[in-house]
Amino acid sequence: MKRFLLKIKENMLLALLFCGMSFLLVVGGVVYYKYEAEKIKKSRYKEIHSLAKLKSDLLSGWLRERQSDILVISESPIYQDAVQRWLENRKDENLKKKLTERLAVVKKRYNYSEIMLVDSLGNVYLTTGDHQEFDQFFKARLRESSYSGSPLHTGIYRCQLDHEIHFDFISQLKNEQ
Numbered sequence: 004m005k006r007f008l009l010k011i012k013e014n015m016l017l018a019l020l021f022c023g024m025s026f027l028l029v030v031g032g033v034v035y036y037k038y039e040a041e042k043i044k045k046s047r048y049k050e051i052h053s054l055a056k057l058k059s060d061l062l063s064g065w066l067r068e069r070q071s072d073i074l075v076i077s078e079s080p081i082y083q084d085a086v087q088r089w090l091e092n093r094k095d096e097n098l099k100k101k102l103t104e105r106l107a108v109v110k111k112r113y114n115y116s117e118i119m120l121v122d123s124l125g126n127v128y129l130t131t132g133d134h135q136e137f138d139q140f141f142k143a144r145l146r147e148s149s150y151s152g153s154p155l156h157t158g159i160y161r162c163q164l165d166h167e168i169h170f171d172f173i174s175q176l177k178n179e180q
């Protein structure tokens, strides 16, 4: 009987040792899993942050390029003079054609959907497309550009007239003379 009790005691110690080792193994696995999960999470966060910064830099560069594009047109003395001459004599169809062709070249090369010459009230003088009227949001931004004298963009908005999404750039013709 003593032998039997000794055997049970031995088996209990082995079972207890096995349970203790199993518990330590499970706890160690959970701790390791949490450590690795956090490490992966931080790594993914850094990757996403880098990607977001890259995209942000690309969009900022694109925006600067578009603003430079409109300044090239609006600050061009030759284009300003031609527009001024045409505004003084709107019956000059040859000059109107040349101005429209110039805008069409810019539209094509810069892949714009449309370029227009409008006044601060939204009256269209020249256009490379069929657009002839604007919604209130665009007119407000047009007035804002006129008052500030600075080029601006509208940001992304949905036009209330055609219900399409637009991102427009607005600049005045700048005559430094």
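Our numbering runs 3 ahead of the 1-based position in the sequence shown. The C-beta atom is built at its ideal place from N, Cα and C for all residues, glycine as well.
Neighbourhood of residue i by C-beta, 7 Å cutoff - its chain only, sequence neighbours within 5 removed
| i | result |
| --- | --- |
| D72 | Y113 |
| L176 | S77, Q83 and V86 |
| V33 | none |
Beta bridge counterpart(s) of residue i as assigned by DSSP
| i | result |
| --- | --- |
| R112 | R112 pairs with nothing; no bridge assigned. |
| L120 | L129 |
| R47 | Bridge partners of R47: none, in fact. |
| F170 | I159 |
Backbone CA spacing between residue i and residue j [nearest angstrom]
| i | j | result |
| --- | --- | --- |
| K142 | G132 | 18 Å |
| K12 | L28 | 24 Å |
| V30 | M24 | 10 Å |
| I51 | E41 | 15 Å |
| V121 | E136 | 10 Å |
| P154 | K45 | 41 Å |
| L20 | Y36 | 24 Å |
| Y38 | R69 | 46 Å |
| P80 | T157 | 26 Å |
| L66 | F26 | 59 Å |
Neighbourhood of residue i by C-beta distance below 8 Å, restricted to the same chain and skipping five residues each side
| i | result |
| --- | --- |
| E117 | K110, T130, T131, G132 and H134 |
Cβ distance (whole Å) where residue i is taken to contact residue j below 8 Å
| i | j | result |
| --- | --- | --- |
| L74 | W89 | Not a contact, Cβ separation roughly 21 Å. |
| S148 | S174 | 7 Å |
Distance cut-off 6 Å: residue i Cβ against heavy atoms of the ligand ATP
| i | result |
| --- | --- |
| R161 | The model depicted lacks the ligand ATP and carries no ligand whatsoever. |
Residue i and residue j closer than 7 Å at C-beta
| i | j | result |
| --- | --- | --- |
| L164 | D138 | yes |
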